[in-house]
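Student: So the sequence lines, in the order shown, correspond to chains G and C. Sequential numbering from 3 applies to the first sequence in the working numbering. Sequential numbering from 3 applies to the second sequence in the working numbering.
Protein chains: 2
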Amino acid sequence: MPMKLTILGSSSALPTSERFPSAHVLNVHERLFLIDCGEGTQMQLRKSRIRFGKINHIFISHLHGDHVFGLYGLLSTYSLMGKTTPINLYAPENYNNILLTHLNDFDIHLNFEINFIPLSGKDPVKILDDKYLTVTSFPLDHRVPSFGFLFREKPYDRNIKKESIEEYKIPSVRIPAIKKGENFITKEGIVVKNEEITVPGPASLSYAYCSDTKYFRRLSSFVKGVDLLYHEATFEASMENLAATTGHSTTSDAAKVASEAGACTLIIGHFSARYKDINPLVKEAREIFPNTFPAIDGHTYEVGLINDP
Amino acid sequence: MPMKLTILGSSSALPTSERFPSAHVLNVHERLFLIDCGEGTQMQLRKSRIRFGKINHIFISHLHGDHVFGLYGLLSTYSLMGKTTPINLYAPENYNNILLTHLNDFDIHLNFEINFIPLSGKDPVKILDDKYLTVTSFPLDHRVPSFGFLFREKPYDRNIKKESIEEYKIPSVRIPAIKKGENFITKEGIVVKNEEITVPGPASLSYAYCSDTKYFRRLSSFVKGVDLLYHEATFEASMENLAATTGHSTTSDAAKVASEAGACTLIIGHFSARYKDINPLVKEAREIFPNTFPAIDGHTYEVGLINDP
């Protein structure tokens, strides 16, 4: 599983006995990324048996409690567990002071550094770029500044055909460059086109998180062609007025974004506590975007390979 | 059940998959009192199907996160639920500013008042006194200012014997005073002693919460004769040094306090995450104080009538 998503919480502001507040863990080749950190995240991490000591990047979409209030306990737990590696914390720009003040109020002295990466602005910004992936933040439209996140694996190298290595006697020192797409030139000076001696590597995968937000036209451009789109769908389609007032989306809004973005798969979540049964919400979204699935606490979804859980 | 206690969290600072951080609900004749509010309290309240909208009094023992970090979410939920009745919040004296600042940082505007009752000082203080019960706070000995709470039902009225009403022709207007202990004087001026015409009402019950604290001699005097004592027992008896350093108690410390106080029953909790099986801890405490039971998340204990859950 190169990229998998575990839902730790699928509720909106009011949790239920079945649904905790927002938190996702994205696992990209066993590197773990925590996205939002609602109350109870550390307990959900333990329940899901996720080795959460390995999380070094935490992304906070916006400063509403149901996306943040688990962070104090989690950081405090990390400190008690003896974590020493830094945490990169990506959050709205004014959160650093709030966090440090609150930890100090509670006499919490962390053993590790927090590298704070402030989120702001009206355009997508690349906020992480390493060997394996990039993460881009982009603005959402909510009652307070809110940001989505797009995780995109870097393109995989192409694979060289074994028979081509033998046929052209390709020395091993040239192989890395060919995997990156270069042509091969034989001793005789003949150019062998890359496409002739290689096949494409595995498709690189992508995941986007959009919560909390109301619908706006430009959003789909930020997540164009994403493999898995998580989009909040707090309300049923008929509650568009309440959605507009509260800065949230309906099932139709979420499906519309998925459709406009040309996403492969949509997961909806952040369900209002009024819905005991979320199947009707999924049904509504499927009318617009058939490949829709519900977020369910504790479930893990393999990006690119999702079946109904 | 006139007085019952529900444990919402029995872990110390590091929660486990079985044990949430500290929170208790005491139900006294269907009036609900929340004692400490660790992360996840609102989810545990829902799981236990406690009608938590009825909680109007919240007691915070000390300002360590595992006793407080559920409060932001709970207050926010109350507001979303439309609660309008005030919350009386009893907490260490500097918490009011911390709380208000943090709610403000998160744009949380409560629909209801918080009446803040600051805890301080080195002696027991009566912090609540109403028709049915009194609550007294008393100092504990921890790394930061920490307070225990003693809930004590007011004495019940005596019951008048039916046959005495007939025999002495006691008018109904005199009955309330007689129930309070007054003698009855007949038309002929004969004094009938109260004990002759009444029997005692039900025994009034009491519950004390002691967490977090290390052992100190004076503590038992604060909870003298209590029916049910909850006392933290973070560590096994042999870890007395770590207990001393961290300001916590061992199983033996908890049992010693129960014994010195002449408590009827002891519940131990606030268990370190190192203990998967807590039965050995209970066994240790029972060597000193046989009537000891473990705190278990989600269990309800009837004060005065506890059997092994």
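Just so it is clear, CB atoms sit at the ideal spot from N, CA and C, and this is done for glycine as well.
Mapping DSSP to helix, strand and coil, what is residue 103(G)?
Tutor: It is helical.
Student: Residues of chain C with CB closer than 7 Å to the CB of residue 134(G), please, in chain order.
Tutor: Within 7 Å Cβ-Cβ: nothing; residue 134(G) doesn't reach chain C, min ~30 Å.
Student: If we cut at 8 Å on Cβ distances, does residue 41(C) have a partner in chain G?
Tutor: Yes, because at least one Cβ of chain G sits closer than 8 Å to the Cβ of residue 41(C).
Student: One question on the structure: do residue 30(G) and residue 170(G) come within less than 8 Å of each other, judged by their Cβ atoms?
Tutor: Taking 8 Å as the Cβ cut-off, residue 30(G) and residue 170(G) do not qualify as a contacting pair.
Student: Quick check on the DSSP output: the beta strand (DSSP E) that includes residue 11(G) runs from which residue to which?
Tutor: Unbroken beta strand (DSSP E) run through residue 11(G): 5-11.
Student: For residue 62(G), which option in 132(G), 269(G) and 139(G) has the closest C-alpha, if you only look at C-alpha atoms?
Tutor: For the residues 132(G), 269(G) and 139(G), the minimum Cα distance to residue 62(G) belongs to 139(G).
Student: Would DSSP call residue 305(C) helix, strand or coil?
Tutor: Here residue 305(C) sits in coil by DSSP.
Student: Are residue 43(C) and residue 72(C) touching if we call contact CB-CB under 8 Å?
Tutor: Yes, Cβ-Cβ distance for residue 43(C) and residue 72(C) is below 8 Å.
Student: Select from 59(C), 304(C), 32(C) and 212(C) the residue whose C-alpha is nearest the C-alpha of residue 150(C).
Tutor: Among 59(C), 304(C), 32(C) and 212(C), the Cα nearest to that of residue 150(C) is on 212(C).
Student: Looking at the secondary structure, which residues open and close the beta strand (DSSP E) in which residue 131(C) lies?
Tutor: Taken as a continuous stretch (DSSP letters only), the beta strand (DSSP E) holding residue 131(C) covers 127-131.
Student: Please list the partners that residue 104(G) has in chain C, where partner means a Cβ-to-Cβ separation under 7 Å.
Tutor: Within chain C, the residues near residue 104(G) are 104.
Student: Using a beta-carbon distance below 8 Å, is residue 65(C) in contact with chain G?
Tutor: Taking Cβ atoms only, chain G reaches closer than 8 Å to residue 65(C), which makes this a yes.
Student: How is residue 79(C) classed by DSSP in three states: helix, strand or coil?
Tutor: Three-state DSSP puts residue 79(C) in a helix.
Student: Which residues of chain C have a Cβ atom closer than 7 Å to the Cβ of residue 16(G), listed in chain order?
Tutor: The contacting residues are 79 and 82.
Student: In or out: residue 21(C) buried (at least 16 other Cβ within 10 Å) or exposed?
Tutor: Buried.
Student: Would a check of beta-carbon distances place residue 92(G) closer than 8 Å to chain C?
Tutor: No, residue 92(G) lies away from the interface with chain C (no Cβ there is under 8 Å from its Cβ).
Student: Tell me, please, whether the stretch 256-266 of chain C touches the stretch 222-229 of chain C by the rule of three or more beta-carbon pairs shorter than 8 Å.
Tutor: Touching, yes.
Student: Which stretch, first to last residue, makes up the alpha helix (DSSP H) that contains residue 244(C)?
Tutor: Taken as a continuous stretch (DSSP letters only), the alpha helix (DSSP H) holding residue 244(C) covers 242-248.
Student: On the DSSP letters alone, give me the boundaries of the beta strand (DSSP E) that residue 58(C) sits inside.
Tutor: That run of the beta strand (DSSP E) goes 57-61.
Student: Is the beta carbon of residue 10(C) closer than 8 Å to that of residue 60(C)?
Tutor: No, they are not a contact pair.
Student: Bridge partners of residue 26(G), per DSSP?
Tutor: Answer is 9(G) and 37(G), bridged to residue 26(G).
Student: Give the residues of chain C in contact with residue 146(G), contact being defined as C-beta atoms less than 7 Å apart.
Tutor: 109, listed in chain order.
Student: Using beta-carbon positions only, say whether residue 305(C) and residue 209(C) come within less than 8 Å of one another.
Tutor: Going by C-beta atoms, residue 305(C) is nearer than 8 Å to residue 209(C).
Student: Under 8 Å Cβ-Cβ, which residues of chain G neighbour residue 48(C)?
Tutor: Here the neighbours are 17, 18 and 19.
Student: Which bits of chain C does residue 74(G) rub up against, with CB to CB less than 7 Å?
Tutor: Those within 7 Å of residue 74(G) in chain C are 67 and 71.
Student: Report yes if the CB atom of residue 282(G) is closer than 8 Å to the CB atom of residue 238(G), and no otherwise.
Tutor: Taking 8 Å as the Cβ cut-off, residue 282(G) and residue 238(G) qualify as a contacting pair.
Student: Within the 8 Å Cβ cut-off, does residue 10(G) reach chain C?
Tutor: Not an interface residue.
Student: Classify residue 155(G) as helix, strand or coil using the three-state DSSP reduction.
Tutor: Note: residue 155(G) maps to strand in three-state DSSP.
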